[in-house]
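First to last, the sequence lines map onto chains A and B.
No gaps in the numbering here: position 72 of the first sequence is 72 in the numbering used here, and each next residue is one more.
No gaps in the numbering here: position 8 of the second sequence is 8 in the numbering used here, and each next residue is one more.
Okay, so here's the structure we're looking at.
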Amino acid sequence: KAGVTQTPRYLIKTRGQQVTLSCSPISGHRSVSWYQQTPGQGLQFLFEYFSETQRNKGNFPGRFSGRQFSNSRSEMNVSTLELGDSALYLCASSLAGRDWDGYTFGSGTRLTVV
Amino acid sequence: AQTVTQSQPEMSVQEAETVTLSCTYDTSENNYYLFWYKQPPSRQMILVIRQEAYKQQNATENRFSVNFQKAAKSFSLKISDSQLGDTAMYFCAFMKKSSGDKLTFGTGTRLAVRP
Chain A
1 KAGVTQTPRY LIKTRGQQVT LSCSPISGHR SVSWYQQTPG QGLQFLFEYF
51 SETQRNKGNF PGRFSGRQFS NSRSEMNVST LELGDSALYL CASSLAGRDW
101 DGYTFGSGTR LTVV
Chain B
1 AQTVTQSQPE MSVQEAETVT LSCTYDTSEN NYYLFWYKQP PSRQMILVIR
51 QEAYKQQNAT ENRFSVNFQK AAKSFSLKIS DSQLGDTAMY FCAFMKKSSG
101 DKLTFGTGTR LAVRP
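Here it is in structure tokens:
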């Protein structure tokens with residue numbers, strides 16, 4: 001079966017712009033989580049969506065937002081980009097509830113803010 | 001809040017030998033999961049092994065096994081018969097056993113397997 005697909009793979013944006021990243025989960029997976037990975041802060045949890053509802057949110061400013069569609073695909077948006085937002089953004093999907101058997105990650109979107 | 005500590009930033013092992021990566025964690029929870037993830041240069045985070053806290057038996061997956069010491073809050077990963085393809089960053093992670101909960105990651109250990 002197809003894995004978790006993140007698009008685009010690479011992105012270069014200018015400070016002050018906004019960006020939207022996309023994540024298509026494994027078919028049947030209804031939970032989607034987002035993580036930010038930087039050399040300085042490591043891997044940090046952004047948010048988790050299930051059935052189009054945000055169930056959990058990490059400690060990030062309001063410039064970071066996300067949503068999930070009825071087909072479980074998810075997008076995250078970062079507005080007013082700052083240099084410090086340069087990072088690898090990873091998406092992970094999973095089954096939910098009693099069927100949960102772990103998270104499967106995508107290959108990430110590498111965002112560079114210049 | 002949970003914390004995960006990996007005290008070995010880098011390690012090196014000869015091909016075919018055994019290496020152990022260390023991980024300690026701190027939590028007041030009783031019901032949780034622990035994971036080891038591998039991140040090769042392709043960037044994708046790949047699950048290596050998972051342990052449920054209530055299970056006494058240490059998890060194993062082929063050449064990978066863990067030593068889970070719940071009282072000591074220690075969760076080390078042993079890689080036997082190391083292969084060149086094992087070269088990667090390895091992250092230890094913690095997750096409470098509840099819906100929608102997040103993974104808390106350690107800072108990672110960079111493992112190099114020498115030919």
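Quick reminder that beta carbons are idealized off the backbone N, C-alpha and C, glycines included.
C-beta neighbour in chain A for residue i, strict 8 Å
i	result
B/R63	no
B/F91	yes
Within chain B, partners of residue i - CB distance below 7 Å
i	result
A/F105	Q44 and M45
Chain A contact residues for residue i, given Cβ-Cβ distances below 7 Å
i	result
B/F105	G42 and L43
Residue j beta carbon less than 8 Å from that of residue i
i	j	result
A/G108	A/L90	yes
A/Q18	A/L81	yes
B/R50	A/G102	yes
B/Q6	B/T87	no
B/T109	B/Q8	yes
B/S76	B/N67	yes
B/Y32	B/T3	no
B/P40	B/L84	no
B/V13	B/L111	yes
A/G58	A/Q44	yes
A/F60	A/M76	no
B/E116	B/K96	This structure cannot speak to residue 116 of chain B, because chain B is shown only from 1 to 115.
Under 8 Å from the C-beta of residue i: neighbouring residues of chain A
i	result
B/K102	S33, F45, E48, N56 and G58
B/R50	G102
Secondary structure of residue i, DSSP reduced to three states
i	result
A/G84	helix
A/L11	strand
B/D86	helix
A/G97	helix
A/S18	For clarity, residue 18 of chain A is Gln in the given sequence; the question names Ser instead. Here A/Q18 sits in coil by DSSP.
B/R43	coil
B/T120	What the structure shows of chain B is the stretch from 1 to 115, and residue 120 of chain B is not part of that stretch, so it cannot be assessed.
B/S28	coil
A/R73	coil
A/F50	strand
B/A93	strand
A/G66	strand
Cβ neighbour criterion (16 or more within 10 Å) applied to residue i
i	result
B/K55	exposed
A/E48	buried
B/I46	exposed
A/P25	buried
A/Y10	exposed
A/Q37	buried
A/S74	buried
A/T104	buried
A/F69	exposed
A/S33	buried
A/S51	exposed
A/V113	buried
B/D101	buried
A/G84	exposed
B/A71	exposed
A/I169	Residue numbering for chain A in the displayed model covers 1 to 114; residue 169 of chain A lies beyond these limits and cannot be assessed.
A/A2	exposed
Closer than 8 Å at the beta carbon, the chain B residues around residue i
i	result
A/L95	The contacting residues do not exist; A/L95 stays about 11 Å from chain B at best.
A/L88	R43
Test: residue i CB closer than 8 Å to a CB of chain B
i	result
A/L21	no
A/G108	yes
Cβ-heavy atom distance, residue i to the ligand ZN, below 7 Å
i	result
B/Q57	This structure simply doesn't include the ligand ZN, nor any ligand for that matter.
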